[in-house]
Structures are given as C-alpha cells and as structure tokens.
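Encoded as structure tokens, the structure appears first; notes follow it.
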Amino acid sequence: MLGRFSVFILILCNCSCKSCDKSQGTCSADTNESANKYSEEINTRWLPYIMKISNAVASYTPCDKNACSCHYPLLKKDLAVFKDGITKNMIQSARERGTFYQIINKKLYRQSDCMFPSRCSGIEHFILKIIDTLPDMEMILNTRDWPQVNRRFGDVKPVFSFSKTAEYMDITYPAWTFWEGGPAISLYPTGLGRWDILRKSLGTSAEEWTWSKKKAMAFFRGSRTSSERDSLVYLSREKPNLVDAQYTKNQAWKSDADTLYAPPATEVPLEEHCQYKFLFNFRGVAASFRFKHLFLCGSLVYHIGDEWIEFFYPQMQPWVHYIPVRAGATKEEIRNLLDFAIENDEIANEIAERGQQFIKHHLRMKDVLCYWRKLLRSYAQLLKYSPEKEEGLIHIRPKAQ
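The sequence shown maps to residues -17 to -1, 1 to 384 in mature numbering (1 follows the signal peptide of the UniProt record, and there is no 0).
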C-alpha cells in the first residue's frame, strides 16, 4: 500500500511525463507512457490529496483487534480531568444534568423518572450485561442530545454523555443506539438500534454490492437538521448523475421550505445505501448515528466536520478511513473531492476497505461491552467515598430477550 504512494510521489516530482520502475525506483523516458495509469495532468491536480493520504497512512498504527484498547486513549483523556478524585458533592451538584444511577452489590438502580425511556433502556442493557464485574458506584448519565459540562465555565462535573465537542468535559460513553433508542423514522418506527443485527444485514448488502458493482455516485438521505447539508443537495440538483442527495421529513417539517423547496424524499433503508460508492455523513444536533453504519457498506465515506465525536471516532483517521470534508464546504469543494475519488478509483477503494475493516474489527458488540466495563471500572476507582443505597430508586432488571 505504502509502496504505491511512494511511486505516486516519484511520478509527481518528475517534471516530465514518464513512467517509473517500481522495483528500481527510477524513471525511464523510454518506458511506455501508457503503462502508467496516472497522467501528469491528473497527478498534478490530485497531488495534495495523494500526499495527505500517503502521510496519513504512513503515520497510522492499526489497533489490536483482539481487545478494545483501541479506544482507551479517549477514556484516559476523559477521566484525567478527575485525577484528584470525585467527591459526593461533585455528584450531587451534577444530578440535574442527567439521570442518576447507582450500582450497589451487583444491582443496578435508577431514579424513577427518565427523560427518554428508550435511551435509558439502551444504556441499561449494556450495564446489566457486565454488572457482575462492576464495583459499587454512582453516576450521572446524560441522555440528551447535547453534552452538559462546558470548559468555559470551569466547573468540573462528572457527567457521562454519548457525544461532545472539544469544548466539553463530559465523559464519553457508548450511545444507547447500539441497542435501542435511536432516531425514530418510518423505516425504524421504534428507533434505530440493534447494532448486532444491522451489522449482519449491512454485511450481506455489502457482499451483494461489491466495489466494482457499486454506482459511482454520491448518496445521502436525511432531514435538514443543519444547513451544512445544503451544498450537497444543491449539487445533486445540478449534477443528478453524480449525486443523489435529498431531504426527508423530520418532526419539525411544516412545508417544502423545510426541504429546500422540494417535496420530501422517501426514506431509504441503510442496506440500500450500499449500492453507491460514496456516502456522506453529516452531524445532526450532535454526532450522527448513521456514521458507523455507512462504513459497513464498503463504500467510501465522506465525513463532514470533525467537531462532534462519539467514543470510537478518535481512532478513525481522516484520509486513512474516510475522506474529511470541512463543515460548510461549497458545492465546488464537494465536487472536487468526488472527482478525486472517481479518477483515483483504486485509492478510493482502499480507503473504503480500511474504514470498513476498522468498524468490523473494532466496533463489535463485544467491543462496546468491553469499553463500558473499562470505563465504569476506571471511573469507580476515582470515587473518594463509598456509595450507599439511596432510598426511592428503582431496581433495574434485565429484560426478557
């Protein structure tokens, strides 16, 4: 893989349009020019992208797929804020920021009310799976879409949130959507969830739509939760053979004005996204729940913006696993990035494969459970007191499967 990038650089640094001998690392003016699939004009145009990919791949160290240690750097960073310990007063001051839980004698307890019951249920599923391995503790789990502890205010509070930006000190936990409680749309009326099932169905679809069979087009379906998505939709209207991007309804939809003055599109199952080579991921109110699903198609993912993360994002690298797109990119910028992938099909396929393999090997259900276990055990070690069972909490028991 790296050898190919080295050859690219040799070609590009040579001012004449020659082909290079990979084994010798030299160029010959007599070599048949047609042997090189990249012309000087194309290589020169795409040099910045090729260099970014080459440098990113060269500096990337793959994770051990036999452990969830791949994601530990974020865990350690999140908990480093509390290196001096977590007091009872800190917990009490944070209670209004989320849902209060206790683990006492291998049993899970929760305050009686939960703002989003299916989200709490999705979280509780994983905690109950590992509860026999956990010490006593109490914690505040935020189930809102947005994080709670902004660095600007300097008030350190131990609050767990599923997604955040660098402005926040929340402790990142695996989202409830790995089990249940995701966005409810017509295709997923009870909410997107069951990552274990979707992994299988998306894997089957990816096998049907291998890279060579995919349409060389970009695809996106989603509601207009952010104007950052507009450029792609406008490009789709101008270049329908290049991009199929349309807005669907959401709960706030009132008229066609909410879908850029076009009728709302029909929602498309995630499995059908696999027909396309290029899939776009945009944040919504926070990090996008669709992100992890797109990679399993074996398609090249274009990820817009890098502010919002979930627990597994930091170990996925731009240009290694996906194509980064700046937030607010213009139609021209997006078109240029798509042209690059179309004209450099093999490189695009390699990035898509690396992204797919990362999610396959490092975001299994057992990796999610592993992260929960490591996170909660590490967190419990920071408590400077021994929690006692609080009156009025409800006992959370496993649901019948």
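Heads up, the beta-carbon is just placed ideally off N, CA and C, and yes, glycines get one too.
By a C-beta neighbour count over all protein chains shown, 10 Å radius and 16 as the cutoff for buried, is residue i buried or exposed?
| i | result |
| --- | --- |
| Asn125 | buried |
| Gly311 | exposed |
| Gln75 | exposed |
| Arg329 | Looking at the sequence shown, residue 329 is not Arg but Glu. Under this definition Glu329 is an exposed residue. |
| residue 434 | Because the chain is modelled from -17 through 384, residue 434 falls outside the range shown and cannot be assessed. |
| Ile123 | buried |
| Asp96 | exposed |
| Asp61 | buried |
| Gln364 | exposed |
| Leu153 | Residue identity check: residue 153 is Asp in the sequence provided, not Leu. Result: buried. |
| Val268 | exposed |
| Thr82 | buried |
| Glu191 | exposed |
| Asn327 | buried |
In the DSSP assignment, find the beta strand (DSSP E) that holds residue i and state where it starts and stops.
| i | result |
| --- | --- |
| Gln229 | Val226 to Thr231 |
| Arg204 | Lys198 to Ser206 |
| Phe261 | Tyr259 to Asn264 |
| Leu283 | Leu283 to Ile287 |
| Tyr362 | Taken as a continuous stretch (DSSP letters only), Tyr362 belongs to no beta strand (DSSP E), being part of the alpha helix (DSSP H) at Met348 to Ala363. |
| Ile292 | Where Ile292 is concerned, there is no enclosing beta strand (DSSP E), given that its DSSP letter is neither H nor E. |
| Ile377 | Ile377 to Ile379 |
Hey, could you find the ends of the alpha helix (DSSP H) residue i is sitting in?
| i | result |
| --- | --- |
| Glu254 | Leu253 to His256 |
| Lys71 | Lys71 to Ala77 |
| Thr82 | Counting along the chain, Thr82 falls outside any alpha helix (DSSP H), though it belongs to the beta strand (DSSP E) covering Thr82 to Ile87. |
| Tyr92 | Run containing Tyr92: none in the alpha helix (DSSP H); it sits in the beta strand (DSSP E), Lys90 to Arg93. |
| Ile180 | Trp178 to Glu191 |
| Phe99 | Neither: Phe99 is in no alpha helix (DSSP H) and is coded neither H nor E. |
| Leu243 | Careful: Leu243 lies outside any alpha helix (DSSP H) and carries neither H nor E. |
| Val216 | Asp213 to Glu221 |
| Leu170 | Where Leu170 is concerned, there is no enclosing alpha helix (DSSP H), given that its DSSP letter is neither H nor E. |
| Lys275 | Phe274 to Phe278 |
Am I right that residue i and residue j are in contact with their C-beta atoms under 8 Å? What's the rounded C-beta distance?
| i | j | result |
| --- | --- | --- |
| Ile287 | Glu211 | 6 Å |
| Glu250 | Ser169 | 6 Å |
| Leu366 | Met120 | 6 Å |
| Glu290 | Thr193 | The pair is not a contact, with the Cβ atoms about 33 Å apart (cut-off 8 Å). |
| Leu346 | Cys280 | That pair is no contact at about 14 Å. |
| Asp241 | Arg207 | 6 Å |
| Ala77 | Lys140 | 4 Å |
Out of curiosity, what's the CA-to-CA distance linking residue i and residue j?
| i | j | result |
| --- | --- | --- |
| Tyr156 | Ile33 | 35 Å |
| residue 388 | Arg177 | Lying before the first or after the last residue shown, residue 388 is absent from the chain, which here runs from -17 to 384. |
| Arg309 | Ser209 | 14 Å |
| Ile69 | Tyr362 | 9 Å |
| Val(-11) | Ala270 | Because Val(-11) carries a pLDDT of 41, less than 50, the predicted location of this residue cannot be relied on, and the following value inherits that uncertainty. In a straight line, the C-alpha of Val(-11) is about 37 Å away from that of Ala270. |
| residue 400 | Thr160 | Summary: the structure shown does not reach residue 400, with the chain confined to residues -17 through 384, and so no result is reported for it. |
| Lys343 | Gln258 | 19 Å |
| Ser146 | Lys275 | 14 Å |
| Pro370 | Gln85 | 8 Å |
| Arg80 | Val40 | 40 Å |
| Met299 | Gly338 | 8 Å |
| Ala201 | Leu262 | 6 Å |
| Tyr21 | Ala324 | Unreliable positioning characterises Tyr21 in this predicted model, as indicated by a pLDDT of 46, which lies under 50. The coordinate reading is nonetheless provided below. One C-alpha to the other measures close to 13 Å. |
| His304 | Arg220 | 28 Å |
| Cys53 | Cys46 | 5 Å |
| Gly165 | Thr27 | 44 Å |
| Arg102 | Glu163 | 7 Å |
| Arg318 | Arg135 | 37 Å |
| Leu376 | Arg93 | 5 Å |
| Ser282 | Ala335 | 5 Å |
Would you list, in sequence order, the uninterrupted beta strand (DSSP E) runs of no fewer than 3 residues that lie entirely inside the segment 297 to 335?
-> Fully enclosed beta strand (DSSP E) runs of 3 or longer: 306 to 308.
What residue ranges within the segment 109 to 149 form continuous alpha helix (DSSP H) runs of no fewer than 4 residues, ordered along the chain?
-> The qualifying runs do not exist here; there are none.
Run through the segment 25 to 62 for me and flag every whole alpha helix (DSSP H) of 4 or more residues, listed as ranges in chain order.
-> Runs of the alpha helix (DSSP H) spanning 4 or more residues and lying entirely within the segment 25 to 62 do not occur at all.
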